Amino acid sequence: MSRNLDRFRPDATRRLMLQGAVATLLFGIAPRAFAGSAVVAVRVWPAKAYTRITLESTAPLKFNQFMVPDPARLVVDLEGADWGNELDKIAQRIGTEDPYIRQLRAGRFKPGTVRVVLDLKTEVKPQVFTLEPFGEYQHRLVIDLYPAQPDDPLMALLNDGKGLPDKPAAAPDKPATKPQGEAAERDKLEVSRLVTIAIDPGHGGEDPGAVGAGGTYEKTVTLSIGKKLKALIDKQPNMRAVLTRDDDYFVPLAQRVGKARKVGADLFMSIHADAFVKPNARGSSVFALSERGATSTAARLLAQKQNESDLIGGVKFDVRDRHLAQTLLDLTQTATINDSLKLGKAMLTELGEINRLHKPQVEQAGFAVLKAPDIPSVLVETAFISNPEEEKKLADEGYQDKMAEALLSGIKRYLAKNPPLSRNKMA
């Protein structure tokens, strides 16, 4: 029957067009156009790593993109887009601090097509793609502007002033009073080379993470604590840190793992703030990867929520990306997971000094961000941002300092008993 209906649709369409033309001639009334896709939000996330623009719409947007030289511009034509308030105010979304966009403008190019023009400050490699609705978001068109010559994080580490020595790091000055007991054991770091810690502030950009009742964003808290922890680590004579993100932008899960592996990280720590439907849930937790399923329903649900980050933030996968991601997922990681559990136990010991523990043991689940096959990795839920009392703590600079210090102490406690293996000097 559907075939029969399809046969008559062209005639029906012509009949409607004819009726519209007659109405226009006789009464001066233009027929109402078919409803297009309304752009309901335009969001911009500027950062040195890359700038992202998202156009959220009520229906999928078909697009055509091309570059124009002298001056450099990226042009994106949106087919079937209705002109509205969001597109009318699009120029206001760009600030002078954006590293790649000088000006953003839009206009009616021809009937049924809106043209968006990005005047560029420098050479870029654009990626334009669409995302299906997910969570609170409707259809999205994403414009990512990457630098034509991106910074190499490994070279940044080589030039950070600490280098990659092939001899033991200089011992720190001995304190006037030697630490006693557990503190002495924790601070006993006898390593023959510089230790690299990858710090992963969870979420970012389009993916805000959990949001407290007071309006505190998880992505803001995790970045602040991550930066504080990096500053503390970089002060250590035998340690250094690298952030998977240093600003408010989205980083895909596999890319977070890839950055850690590229810099030869010895440890990987993903920082988060937990949330629950009931506001009385509280405390800190530490999670490691599991190959055989989650240790609890809560751990499984948390891993599922965290693994949805790529769907929320939006990722353009090509064949190579999928292959790499699948390779990381399939690698056997028994030894690394055992080390991750030891690291997690050390973190819990220190976190218990500043906050109540939600669970006294390291939980396990299939977190995608912990799947580096050769790096002990943990995910730390610093506190429950859904708990009003703990939300206030997480937003407090002083408490963030205490949290960063506890995380550093946990790292030291682990390294004191599990020093990293020697490796050859990198060229």
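With our numbering as the guide, the letters of the sequence shown map in order to residues 1001 to 1427.
C-beta: ideal position from N, C-alpha, C; glycine also.
Since the structure is predicted, the reported quantities are computational estimates derived from the model, not experimental observations.
| Under three-state DSSP, which class holds Y1217? | Y1217 carries a strand assignment under DSSP once its states are collapsed to helix, strand and coil.
| field | Environment of G1212 [buried if 16+ CB atoms lie within 10 Å] | value | buried
| message | Going by DSSP in three states, D1082 sits in which element: helix, strand or coil? | response | Three-state DSSP puts D1082 in a strand.
| Considering only residues of the segment 1059 to 1128, which uninterrupted alpha helix (DSSP H) runs meet the minimum length of 4 residues and lie entirely inside it, listed in chain order? | 1085 to 1088
| request: Please name the residue, chosen from A1041, A1198 and N1064, that lies closest to I1090 on a Cα-to-Cα basis. | output: A1041
| field | Nearest-angstrom Cα separation, counted from G1135 out to A1365 | value | 22 Å
| query | Does the distance from the C-beta atom of M1269 to that of L1407 stay below 9 Å? | reply | yes
| said: Distance check for R1282 and V1378, CA to CA, integer angstroms please. | reply: 19 Å
| task | Return the bridge partner residues of R967 from the DSSP annotation. | result | The chain is shown from 1001 up to 1427; residue 967 falls before or after that span and cannot be answered.
| Rounded C-beta distance between D1144 and Y1050? I'm assuming under 8 Å. | 6 Å
| said: With a threshold of 6 Å on Cβ separation, who are the neighbours of M1403 within its own chain once the five nearest residues in sequence on each side are excluded? | reply: Closer than 6 Å at the Cβ level, and outside the excluded window around M1403, lie I1225 and T1382.
| What runs of the beta strand (DSSP E), each 3 residues or longer, lie entirely inside the segment 1369 to 1402? | List check, beta strand (DSSP E) in window: 1377 to 1384.
| query | If you draw a straight line from the alpha carbon of R1193 to that of K1393, how long is it in whole angstroms? | reply | So the two alpha carbons sit approximately 36 Å from each other.
| said: Tell me which residues share the same chain as E1097 and place their Cβ nearer than 8 Å to its Cβ, disregarding the 5 neighbours each side in the sequence. | reply: The beta carbon of E1097 sits closer than 8 Å to the beta carbons of P1046 from its chain, once the five residues preceding and following it are set aside; these are given in chain order.
| said: If you reduce the DSSP assignment to three classes, tell me which class T1024 lands in. | reply: Legend: pLDDT at T1024 = 40, less than 50; position of this residue unreliable, no value from coordinates given.
| request: Classify R1261 as helix, strand or coil using the three-state DSSP reduction. | output: Per DSSP, reduced to three states, the secondary structure at R1261 is helical.
| Can you give the Cα-Cα distance for K1359 and G1352, rounded to whole angstroms? | 10 Å
| How many angstroms separate the CA atom of S1285 from the CA atom of K1259? | 24 Å
| Going straight from the alpha carbon of A1275 to that of T1130, what length do you get? | 29 Å
| message | In whole angstroms, give me the CA-to-CA distance for K1412 and Q1236. | response | 10 Å
| query | Distance, Cα to Cα, Q1149 vs Q1103? | reply | Across the structure, Q1149 and Q1103 are spaced so that their CA atoms are roughly 21 Å apart.
| Going by DSSP, what residues sit across from A1038 in a beta bridge? | D1082
| message | I need the straight-line Cα distance from G1241 to D1266, nearest angstrom please. | response | Note on identity: in this sequence residue 1241 is Ala, with Gly being the wrong assignment. One C-alpha to the other measures close to 10 Å.
| When we look at the beta-carbon of R1052 and count the other beta-carbons within 10 Å, is it buried (16 or more) or exposed? | Its Cβ being crowded by 16 or more others within 10 Å, R1052 is buried.
| When K1062, L1357, V1362 and R1256 are compared against A1081, the one with the closest alpha-carbon | K1062
| Near M1067, what residues of its chain come up, given a Cβ to Cβ distance below 8 Å and the 5 sequence neighbours on each side ignored? | Cβ within range, chain order: R1073, L1074, V1075 and P1126.
| query | What distance in whole Å lies between the Cβ atoms of N1418 and K1345, which are believed to be in contact at a cut-off of 8 Å? | reply | Going by Cβ atoms, the distance from K1345 to N1418 rounds to 11 Å, so no, they are not a contact pair.
| query | Are A1273 and A1372 touching if we call contact CB-CB under 9 Å? | reply | no
| CB-CB length for N1280 against N1387, believed under 8 Å | 7 Å
| field | Identity of the residue in K1305, E1397, D1070 and G1314 nearest V1128 by Cα | value | G1314
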